[in-house]
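> Before anything else, here's the structure in question.
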Amino acid sequence: MLSRSTKVPQSHWAAVQLFAMDVDGVLTDGTVSISSDGSESKRFSILDGMGIMRLNKAGIAVAWISGRKSEATTLRATELRVPHLIQGRTDKLMALQELASQLGLAAPQVCYMGDDDIDAPAIAWAGVGVAPEQSMPSALKAAVYVPDRPAGLGAVREVCEHILDSRGQ
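Everything in the sequence shown is counted per this note's numbering, starting at 254 for the first residue and increasing by one.
Have a look at this one:
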């Protein structure tokens with residue numbers, strides 16, 4: 254793993270055409286609240302949402318790849334117009350590679366952000382692999398970038414800003 258202070262080359266950020274990410278522990282702090290009536294709630298950062306909307310506007314594809322299905326995830330993805338929502342897939346690498354192939358993209362054109370063991374192969378495969386600081390050791394080891402902001406509180410936005418800044422946006 255590269256330390257926070259290590260800079261990912263600007264050319265790597267500029268090559269990104271797809272920013273794919275896990276949901277729980279990346280877009281959220283990893284906590285899921287389940288009420289006695291069975292309803293689920295998650296907290297999503299408005300900062301992250303704005304970053305995703307800015308990527309959409311800039312023509313960068315966005316994907317959420319989650320190991321579990323969640324109506325809260327579906328609702329937030331719909332609100333943000335996330336074009337690629339993949340839920341219930343625990344083989345994140347295969348899901349990511351299938352999506353990249355469908356989009357005609359190679360690994361150097363992909364940024365993937367995850368936090369757990371099942372994310373580590375996808376993090377390692379992507380041209381820019383990212384893991385939030387509180388991630389599992391395997392995810393951190395696979396990552397080339399660790400955001401300063403925590404998961405669920407702007408970590409995704411920080412990555413979005415690197416991608417946009419590399420394009421002068």
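Backbone N, C-alpha and C fix where the C-beta goes; we use that ideal spot for every residue, glycine too.
So who's on the other strand from residue 303, going by DSSP bridges?
Looking at the DSSP assignment, residue 303 forms no beta bridge with any residue, so it has no partner.
> Rounded to the nearest angstrom, what separates residue 296 and residue 290 at their Cα positions?
Going from the Cα of residue 296 to the Cα of residue 290 covers about 18 Å.
> By alpha-carbon positions, which one of 381, 407, 389 and 333 ends up nearest to residue 264?
Ranking the options by Cα distance to residue 264, first place goes to 381.
> Taking the straight line between their C-alpha atoms, what separation do you get for residue 398 and residue 287?
Cα to Cα, the separation comes out at about 32 Å.
> Are the beta-carbon atoms of residue 298 and residue 406 separated by less than 9 Å?
Yes. Within cutoff.
> Taking the beta carbon of residue 281 as the centre, do at least 16 other beta carbons fall within 10 Å, making it buried, or is it exposed?
Flag for residue 281 reads buried.
> So, are the CB atoms of residue 349 and residue 378 less than 9 Å apart?
Yes. Within cutoff.
> If we count the other Cβ atoms within 10 Å of its Cβ and call it buried at 16 or more, is residue 328 buried or exposed?
Residue 328 comes out exposed.
> So which of 304, 343, 285 and 322 has the shortest CA-CA distance to residue 272?
Per the Cα distances, 304.
> How many whole angstroms separate the CB atoms of residue 412 and residue 364, which I take to be in contact at a CB cut-off of 8 Å?
The Cβ separation is near 7 Å, so the contact holds.
> Report all residues from its chain with a CB closer than 7 Å to the CB of residue 414; omit the five preceding and five following residues, and keep chain order.
304.
> Out of curiosity, what's the CA-to-CA distance linking residue 403 and residue 386?
Rounded to whole angstroms, residue 403 to residue 386 spans 7 Å at the Cα level.
> Applying the criterion that 16 or more other CB atoms from any shown protein chain within 10 Å of the CB defines a buried residue, is residue 258 buried or exposed?
With a pLDDT of 42 at residue 258, under the threshold of 50, the predicted position of this residue should be treated as unreliable, though the coordinate-derived value follows. Exposed: under 16 other Cβ atoms inside 10 Å.
> What is the residue span of the alpha helix (DSSP H) that residue 360 lies within?
No alpha helix (DSSP H) contains residue 360, which DSSP labels as neither H nor E.
> Give every residue of the same chain whose Cβ lies closer than 7 Å to the Cβ of residue 325, excluding the five residues on either side of it in the sequence, and list them in chain order.
Only 293, 294 and 295 meet the Cβ criterion.
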